[in-house]
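In the numbering used here, the protein residues as written are 207 to 864.
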């Protein structure tokens with residue numbers, strides 16, 4: 207729109223049905239038209255909706271340039287006229303029917319919230335009629351999600367929050383569930399479940415937690431988590447084997463076996479020095495019995511572990527839930543028992559064909575075990591679902607605790623409430639994405655200070671949405687949950703009966719996500735190298751604001767990049783309807799992550815350095831995916847991992863090109 211057009215629309219006032227007067231907002235027209243096209247399921251509907259939108263604006267511009275007001279019904283009449291003029295009869299009918307239903311609903315209900323809720327119920331019915339392949343339980347789940355979501359919109363969230371979500375300025379994650387108290391991605395502690403029932407107990411815990419967590423569940427540091435359990439089983443096996451073999455050879459009556467059992471029970475490692483039994487070893491044959499019993503016991507432990515891991519991974523991967531994401535982290539326990547755990551786990555990952563729903567997060571550092579790293583590299587080259595977290599990155603290093611990531615690169619470590627850094631037992635309480643491309647589009651011909659002014663407004667809005675979600679969930683009590691607050695969340699033992707969970711979940715994070723950041727930079731800056739620097743500048747700025755919010759509210763605000771496909775597709779669909787097809791910005795099916803700005807080929811070290819700088823500024827992490835050539839060797843791949851460490855990259859996924 208040129209300055210003359212802007213002047214017409216800036217001076218025009220919309221008169222609502224209630225008589226309320228508001229400023230003209232063309233975006234609402236675009237969204238209304240898009241929804242009409244969505245309801246009939248036309249192909250390439252955003253492009254067609256944009257054409258009708260431009261026609262509507264052109265009509266208003268030509269016919270209302272000398273007027274002060276326009277009625278909301280007149281705008282809807284103009285939309286219907288343009289739909290007919292552009293030969294979209296089916297969309298016209300859908301829009302017309304929708305207006306009739308809304309008018310009837312407004313007559314039936316005095317309260318606006320009730321009228322909105324009825325609209326939600328209607329949507330459930332119409333969607334279920336269209337989707338003829340849905341199974342009954344899927345339809346029932348959709349009913350529940352829609353009712354929960356629309357109830358939240360009508361009765362819980364502020365109208366300005368809903369408007370921002372519905373016009374694509376922001377995307378409120380977990381909108382379907384948060385009012386029910388559902389929490390997002392969580393690193394469970396698993397404090398007291400590793401018993402002889404492993405892996406059933408961990409599987410049951412993870413599966414049951416899914417009823418209360420709408421996001422990824424991470425089983426962290428499994429190479430440490432299983433040590434007490436395996437040591438206990440090893441001691442049992444060693445004593446059992448030793449007793450059996452000594453008895454078979456006729457030595458048991460001549461040895462104080464009770465003392466030997468006491469010595470075994472005192473050991474807290476699996477690599478026992480057999481010299482501690484010297485006073486009971488009568489000759490070389492007896493020593494040989496000890497050696498065989500020891501080796502057989504280790505082998506039995508490895509067999510037990512391999513079978514258990516296979517059961518666990520297959521069961522987690524096949525869970526039938528809407529959100530199936532799980533992750534398991536390991537890699538830094540270089541003790542003998544730690545290496546046994548790591549190697550048995552990798553054996554199972556190698557054996558299983560598809561592990562789409564369970565991601566392995568392998569943690570690396572300068573002191574990583576080389577043979578273990580080679581094994582993991584081989585598995586990545588085979589196409590296994592493995593990502594890497596670098597503990598030596600400056601923002602991940604800590605002498606007392608290991609950082610934990612989620613499989614999408616999201617990160618929890620720092621805590622405004624205490625000096626100690628930790629990850630396990632903490633969660634992402636809520637996430638809201640800001641449509642950065644929208645801000646870039648609106649400010650492409652303005653000054654940078656004007657862009658940051660509008661960004662400040664969006665950050666303030668996002669902060670307030672996150673606080674409202676936090677308070678809504680935080681008002682739930684411990685009794686509203688069966689699993690996650692039973693010794694699985696940091697400090698949940700301090701929750702008394704009937705107490706609100708606010709005091710525990712405040713140790714989690716509120717996630718400000720930046721969506722379409724690369725497209726935003728392209729709108730604001732034409733030079734590609736300057737775009738990369740601008741991205742860093744924006745991340746730094748937002749991170750600074752998040753730190754300020756954390757101090758002011760005593761809550762952990764973090765900044766990350768949106769990686770989920772659903773919000774990125776939804777936001778670009780809105781922007782196509784408003785701005786049309788814009789080269790390198792909306793000329794695709796989905797907004798891209800900032801790793802799309804790099805090809806990781808010609809100047810890979812420089813690319814990695816940029817990624818390291820971005821991730822240092824992203825306090826909440828981001829996902830970077832590097833595609834590998836088909837003929838890459840383990841040696842070449844390990845060089846990439848070394849470069850990752852050198853360039854301060856904290857998290858990365860490597861994928862084989864198809």
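Note that the Cβ used here is the ideal one computed from N, Cα and C, for glycine as well.
Outcome for residue i when other beta-carbon atoms lying within 10 angstroms are tallied against a minimum of 16
i	result
residue 218	buried
residue 792	buried
residue 273	exposed
residue 456	exposed
residue 209	At residue 209 the pLDDT is 46, less than 50, meaning the model places this residue with poor confidence; the figure from the coordinates comes in the next sentence. Exposed, because fewer than 16 other Cβ atoms sit within 10 Å of the Cβ of residue 209.
residue 769	buried
residue 659	exposed
residue 365	exposed
residue 255	buried
residue 526	exposed
residue 513	exposed
residue 251	buried
residue 309	exposed
residue 765	buried
residue 864	exposed
residue 355	buried
residue 865	Outside the displayed span of the chain (207 to 864) sits residue 865, for which this structure offers no information.
residue 624	exposed
residue 631	buried
residue 829	buried
residue 469	exposed
residue 885	No statement about residue 885 is possible, as the shown extent of the chain runs from 207 to 864 and does not include it.
residue 454	exposed
residue 361	exposed
residue 846	buried
residue 262	buried
CB-CB length for residue i against residue j, believed under 8 Å
i	j	result
residue 296	residue 221	Their Cβ separation, rounded to whole angstroms, is 30 Å, which puts residue 296 and residue 221 out of contact at 8 Å.
residue 665	residue 751	5 Å
residue 719	residue 767	7 Å
residue 508	residue 554	Rounded, the Cβ-Cβ distance is 11 Å, inconsistent with contact.
residue 570	residue 615	15 Å between Cβ atoms; not a contact.
residue 635	residue 716	6 Å
residue 548	residue 578	6 Å
residue 265	residue 284	5 Å
residue 704	residue 683	6 Å
residue 567	residue 613	6 Å
residue 762	residue 534	Residue 762 to residue 534, Cβ: 24 Å. No contact.
residue 708	residue 680	3 Å
residue 694	residue 497	Rounded, the Cβ-Cβ distance is 41 Å, inconsistent with contact.
Top-ranked residue by Cα proximity to residue i, from the options
i	options	result
residue 817	804, 808, 680	804
residue 759	712, 728, 730, 536	712
residue 392	689, 848, 840, 787	689
residue 451	431, 501, 409	501
residue 588	699, 815, 557, 285	557
residue 710	704, 671, 696, 434	696
residue 426	628, 843, 371	628
residue 440	300, 476, 798, 481	476
residue 465	445, 609, 359	445
residue 459	492, 438, 472	492
residue 771	764, 284, 779	779
residue 409	520, 617, 550	520
residue 859	656, 582, 235	582
residue 461	470, 449, 434, 472	449
residue 442	431, 267, 472	472
residue 729	540, 827, 643	643
residue 744	387, 242, 774, 655	655
residue 298	782, 238, 276, 415	238
residue 850	275, 288, 794, 813	813
Contact test: residue i Cβ vs the ligand SAH heavy atom, cutoff 7 Å
i	result
residue 581	For the ligand SAH, the structure offers nothing, since it holds no ligand at all.
message: Quick check for students: name the residue ranges of the alpha helix (DSSP H) that lie wholly in the stretch 776-842, counting only runs of 4 or more.
response: For the stretch 776-842, whole alpha helix (DSSP H) runs of length 4 or above, ordered along the chain, are 810-823.
message: Assess contact between the stretch 563-577 and the stretch 825-843, defined as three or more Cβ pairs (one per stretch) separated by less than 8 Å. Is contact present?
response: With a cut-off of 8 Å, the stretch 825-843 and the stretch 563-577 do not count as touching, because too few Cβ pairs lie within range.
- request: Go through the stretch 475-543 residue by residue and report every complete run of the beta strand (DSSP E) that reaches 3 residues or more, in order.
  value: Segments of the beta strand (DSSP E) lying fully in the stretch 475-543: 532-536.
task: Give, in chain order, every unbroken run of the beta strand (DSSP E) that is at least 3 residues long and sits entirely within the stretch 653-737.
output: For the stretch 653-737, whole beta strand (DSSP E) runs of length 3 or above, ordered along the chain, are 715-721.
Contiguous alpha helix (DSSP H) assignments of at least 4 residues, all confined to the stretch 541-569: List check, alpha helix (DSSP H) in window: 542-557.
message: Give the list of continuous alpha helix (DSSP H) stretches no shorter than 4 residues that lie fully inside the stretch 349-422.
response: As far as the stretch 349-422 is concerned, its whole alpha helix (DSSP H) runs of at least 4 residues are 365-372, 406-415.
Beta strand (DSSP E) runs wholly inside the stretch 288-312, at least 3 long, in chain order: None, since the stretch 288-312 contains no complete beta strand (DSSP E) of that length.
field: Given 8 Å, three or more beta-carbon pairs between the stretch 382-391 and the stretch 417-437
entry: Yes: at least three Cβ pairs fall under 8 Å.
query: Touching or not, the stretch 481-490 and the stretch 374-388, by the rule of three or more beta carbon pairs under 8 Å?
result: Contact check between the stretch 481-490 and the stretch 374-388: fewer than three CB pairs, one atom from each, fall below 8 Å, which does not count as touching.
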